[in-house]
Structure formats: structure tokens, C-alpha cells
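Residue numbers (this note's numbering): 24 to 397.
Ideal Cβ placement from N, Cα and C applies to all residues, glycine included.
Just so we're clear, the structure is a prediction, and the values are computed from it rather than from any experiment.
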Amino acid sequence: MSMEFELQHICTQSGARCGVIHTKSGDVPTPVFMPVGTQASVKTLSPDEIKQVSENLILANTYHLWLQPGTDIIVLNGGVKPFMRWDKALLTDSGGFQVFSLSHIRKIEESGVTFRHHLSGATLHLTPEDSIDIQHVLGADIIMAFDECPPFHSGYDYMKQSVERTIRWAKRCQEAHGNSDSQSLFGIVQGGPFKDLRKMCLDELVEMDFPGYAIGGLSVGETKAEMDDMLAYLSGHMPQHKPRYLMGVGAPRDLVTGVLHGIDMFDCVLPSRNARHGTAMVHGGKLVVKNKTYEADLSPLDPHCDCFVCRQFTRSYIRHLFKSGEILGLRLLTYHNLYFLKQLMKEVRQAILSDRYSDFVQDFYAANEIEASL
RNA sequence: GGAGGGGUAGCGAAGAGGCUAAACGCGGCAGACUGUAAAUCUGCUCCCCCUGGGUUCGGCGGUUCGAAACCGUCCCCCUCCA
Numbered sequence: 024m025s026m027e028f029e030l031q032h033i034c035t036q037s038g039a040r041c042g043v044i045h046t047k048s049g050d051v052p053t054p055v056f057m058p059v060g061t062q063a064s065v066k067t068l069s070p071d072e073i074k075q076v077s078e079n080l081i082l083a084n085t086y087h088l089w090l091q092p093g094t095d096i097i098v099l100n101g102g103v104k105p106f107m108r109w110d111k112a113l114l115t116d117s118g119g120f121q122v123f124s125l126s127h128i129r130k131i132e133e134s135g136v137t138f139r140h141h142l143s144g145a146t147l148h149l150t151p152e153d154s155i156d157i158q159h160v161l162g163a164d165i166i167m168a169f170d171e172c173p174p175f176h177s178g179y180d181y182m183k184q185s186v187e188r189t190i191r192w193a194k195r196c197q198e199a200h201g202n203s204d205s206q207s208l209f210g211i212v213q214g215g216p217f218k219d220l221r222k223m224c225l226d227e228l229v230e231m232d233f234p235g236y237a238i239g240g241l242s243v244g245e246t247k248a249e250m251d252d253m254l255a256y257l258s259g260h261m262p263q264h265k266p267r268y269l270m271g272v273g274a275p276r277d278l279v280t281g282v283l284h285g286i287d288m289f290d291c292v293l294p295s296r297n298a299r300h301g302t303a304m305v306h307g308g309k310l311v312v313k314n315k316t317y318e319a320d321l322s323p324l325d326p327h328c329d330c331f332v333c334r335q336f337t338r339s340y341i342r343h344l345f346k347s348g349e350i351l352g353l354r355l356l357t358y359h360n361l362y363f364l365k366q367l368m369k370e371v372r373q374a375i376l377s378d379r380y381s382d383f384v385q386d387f388y389a390a391n392e393i394e395a396s397l
């Protein structure tokens, strides 16, 4: 088995989970946040730096790498990991999300998706089998089923039809994957806001017995209450002994809340993207370091952070880097934001292990002025 | 001394009688960003008691119902000739 999930502890106070994902490329503690390296690169960071700010598990993208540089070049380099000199654990997304995010140029059919390449304009077709074949070539430890991620508030009829197709696609992905032991294939639960569809999707996927289950189609514009409600519902039905992966979530508040609802894995571009746009994640909220108010501020980004950026650089300097367009600014902030989430998740795990996660959540909400609605 | 060209908001640069408080770009100030078409996108950026009012387009003086635009004059800048 390429991956094995060990559930270590369930917080007696909250029910939140703590565990370890054992992979052939190393162990990963959960709950875990995975930085995103879409194009075989966590933007602005070197592999050594990624190791410092991650738990040695990152995500890369099938859609992008298939189109550029293409599977031939990946094969030539021996797979994505040797290609990018990443010797730790890797997860590849299936390309399913791009079907959603590039929706204005796609056509979804039973066989797969027809879409136009966002760079060349070429018309291309991607099937569940293609996605799995490509992911085999990419060589990640964990790979994802090819799904459709419709808008959260799609009508019930469309959503039902979409979920049923996603289930059929999951089956096809599993068949295409075969008995391969070198990679673990996760199924993805869809269904938008409809609990019966979510439940049906989950049950069907569990029936297929995947080594892990992801929740897709959340954090796509719905309200916090809607997301919390769905997570609370699903957590009661997901298999205990399999990792639960909430896709595309990375705001500190959502990580903390997701863990409360039994989530083990998260990925998101938010920390790295916001970093490039000049916003730092800090204790108590966010800090838009490019704002004028920090022009002469000699304090670190986050006085409570011990990352190398916060240990030696002032807000004043980092703001200057952004205002003058220096690449170092993007790098420093990316490093800090990912480190910030790594530390947050470390504290989360400690709180779970010591059976005080409910207290932790309350304290977090208070510190971040979030209304406790749970 | 002579001949041309030009002076527009923080900068660059359109505009050549009313549709112009003045395009556009840069800079500046904010906001957004959640399985990355994203070092991106959106808004604001003369002043004020701001769903209205007040002052602008080198200075001054004219023409006109009306001027950044037309005329006179002065100041300054650039190119060429002597």
C-alpha cells in the first residue's frame, strides 16, 4: 500500500481527529495543510523552503502539467517528484476542478470534458481514464478521482445528474487505476448544498472502498454557515479509519472549523496567493503589509511568529519590497503565510492530543473576532 | 539675433470652441482573493460642508451665449540657422 492512514487520537472534548498518513515518501501528521504547487512549483519557494513550511506533503495539478510541459517531458524527468526535486509526499489533483473554474469554455459529456486550452486555445478532451493515466505518469503518492465541481447553488436536478455522473466517473477512475499499489486513489464527494445527494455520493463511494475520501464543491462561494452545516452533516457519515480531505480550504478560520468537523487534510492556494498580493496571515487576522500604515513600522509581520521572516525583517522593509516590485517580497510573504498555517495546524494537533480542542476553537474565534456559531 | 516646435492634474500623454473636472498609461490610496488562466483583479485618485458646490489646462488681457481649445501680449522650455 502506497499510503496508510493511522488514526491516533480522537479529542474527547470535541471529537476532532489526529493521525498520521504513512507514505513511502515519509510520514505526514494530520490534520495537515498542504501547500499547492500547481505547476510543479510552490510559487516562489525552493524545495528546501517548502520542506520548512509544509509537513512534507504538497499538491500538484494534473490539468496544468498535462498541458505544460506535457507528460513526455515529465516521463523524461522520471515523474513530477524528480522533475521538481521534491522527495517527499505528493498529491495530484485530477483536473476536475478546472472543469468548474474554466466553465465558460467547457462542455461536459458522459465520456469526459471538452474544453479549450487556456493558453493555446486548442480544443481538448479529458476523460476519467485520461486523468488517471496522466496521474500514473506524474507519480504522486495520492491521486484524485476525476469529478465535476458544479456551482454550489446549481439546481437540484442538475446537481443530481452531476453527482450521479461523478459517481460513475469515480468507478471508471477506480477501474483505470486497477490494483496499482504504488499510488492511492481518493474519491470525491459532491452534491452542493443537498444533503441527500451528498449522502448518496458518499455512500456510493464508500461502497467502492477508496483509501481516502475528499469533500469537493465547498468553499466555492457559499456562506460559512452553509459550509459548516454540510461538514457537520458529512462528518457523521464518513468512515472513521480513512483520511478525510476538504479540498480547496485554507483560510485559518475554515481550517480550525474543518478540523472540528473531523477533517484531516486541506489544501488551498489562499496563503500563497494572498502572500503574492501583499496580505499576511497573522495571529488575530490578516495584515495587508503593502498598506501605507506600515511604511515606518519596525515590528515583524506577526510578533507571535518565529519564522525566519518574522525573526529578521520589519513590516517597513517588506512593504518597501512590495511597493518597489521586488521579488523578495513575494517570497518572504509566501514563506511566512505557509509557515503560519503549518504552525497553526501544529497547535491544532497538540490541542486535539491533549483533549482540549473545543477550548482551542473558542480561543481562536475570540482572538480573531469570529462569531461562534457552533 | 533669425526660423520652427512646445508648455494640460504627482509624472508621461490625448484633447484643437459646447457632449471636458478633462481620455489613456504610470505613480499613489484602498478593497478582493479558498482542489492557482492570479507578482492578479476591482474601485478611488484637483479642492470642499461631496447624490451638491468651488477652482483648473504657463501668466495677463481679449473674442464668444460658451474657451484647455480662437486672438493679442508676456514668461519659460526644446531643435535648427547665424
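Asked: Contact set for Val282: own chain, Cβ-Cβ below 7 Å, skip 5 residues either direction; Found: Ala39, Pro54 and Val371
Asked: Outcome for Gln82 when other beta-carbon atoms lying within 10 angstroms are tallied against a minimum of 16; Found: First, the residue type needs correcting, since residue 82 is Leu and not Gln in the sequence shown. The residue is buried, with at least 16 neighbouring Cβ atoms inside 10 Å.
Asked: Burial state of His260, where buried means 16 or more other Cβ atoms lie within 10 Å; Found: exposed
Asked: Nearest-angstrom beta carbon gap, Leu30 and Leu80 [assumed within contact, 8 Å]; Found: Between Leu30 and Leu80 the Cβ distance is about 17 Å, and since that is not below 8 Å, they are no contact.
Asked: Assigned exposure category for Glu78 - 16 Cβ within 10 Å defines buried; Found: buried
Asked: Identity of the residue in Asp378, Asp382 and His141 nearest Thr35 by Cα; Found: Asp378
Asked: Cβ pair Arg276, Asn360 closer than 8 Å; Found: no
Asked: Residue closest to Asp325, alpha-carbon to alpha-carbon, out of Val312, Thr316, Glu318 and Ala319; Found: Val312
Asked: Sequence-distant residues of the same chain with beta carbon closer than 7 Å to Met231, five excluded per side; Found: Ala193, Lys194, Gln197 and Gly210
Asked: Pairwise C-alpha distance: Ser258 and Ile350; Found: 42 Å
Asked: Runs of beta strand (DSSP E) lying entirely within the segment 29-54, each at least 3 residues, in chain order; Found: 40-46 and 49-53
Asked: Backbone CA spacing between Thr46 and Lys74 [nearest angstrom]; Found: 16 Å
Asked: Segment contact flag, the segment 338-353 with the segment 306-323, C-beta cutoff 8 Å, min 3 pairs; Found: yes
Asked: Lys309 - partner residues in DSSP beta bridges; Found: Met304
Asked: Stretch pair the segment 150-161 + the segment 103-118: three plus CB contacts closer than 8 Å; Found: yes
Asked: Top-ranked residue by Cα proximity to Asp382, from Asp153, Gln213, Ser37 and Asn202; Found: Ser37
Asked: Inside the segment 156-227 only - beta strand (DSSP E) runs reaching at least 3 residues; Found: 165-167 and 207-212
Asked: Cβ pair Val186, Leu241 closer than 8 Å; Found: no
Asked: Top-ranked residue by Cα proximity to Leu7, from Leu293, Pro262 and Gly239; Found: Here the chain has residues from 24 to 397 only, and residue 7 is not among them.
Asked: Candidates Lys111, Gly135, Asp110 and Ala112, of which the one nearest Val122 by Cα; Found: Gly135
Asked: The alpha helix (DSSP H) enclosing Val122, as first and last residue numbers; Found: Gly119 to Ser124
Asked: Beta-carbon proximity of Gly301 to Phe28, cut-off 8 Å; Found: no
Asked: Nearest residue (CA-CA) to Pro216, options Phe233, Ser203 and Lys183; Found: Lys183
Asked: Cβ-based neighbour list, Tyr179, same chain, cut-off 7 Å, excluding 5 preceding and 5 following; Found: Phe217
Asked: Nearest-angstrom Cα separation, counted from Thr85 out to Asp153; Found: 10 Å
Asked: Residues of its chain near Ser48, where Cβ-Cβ distance is below 8 Å and the 5 sequence neighbours each way are ignored; Found: Asn79, Lys104, Asp110, Lys111, Ala112, Leu113 and Asp164
Asked: With 16 other Cβ atoms within 10 Å as the buried cut-off, status of His176; Found: exposed
Asked: DSSP-derived helix/strand/coil call for Leu147; Found: strand
Asked: Other residues of its chain near Thr50: CB distance less than 6 Å, five sequence neighbours each side excluded; Found: It should be noted that the sequence gives Asp, not Thr, for residue 50. Closer than 6 Å at Cβ, skipping near neighbours: Val43.
Asked: Test item: CB-CB of Thr16 and Thr137 under 8 Å; Found: Nothing can be reported for residue 16, as the shown portion of the chain is limited to 24 through 397.
Asked: According to DSSP, residues forming a beta bridge with Tyr236; Found: Gly210 and Arg267
Asked: Beta carbon of Arg188 nearer than 8 Å to that of Glu227; Found: no
Asked: Exposure label - Arg267; buried when at least 16 CB within 10 Å; Found: buried
Asked: Cα-Cα separation, Asn202 to Phe233; Found: 12 Å
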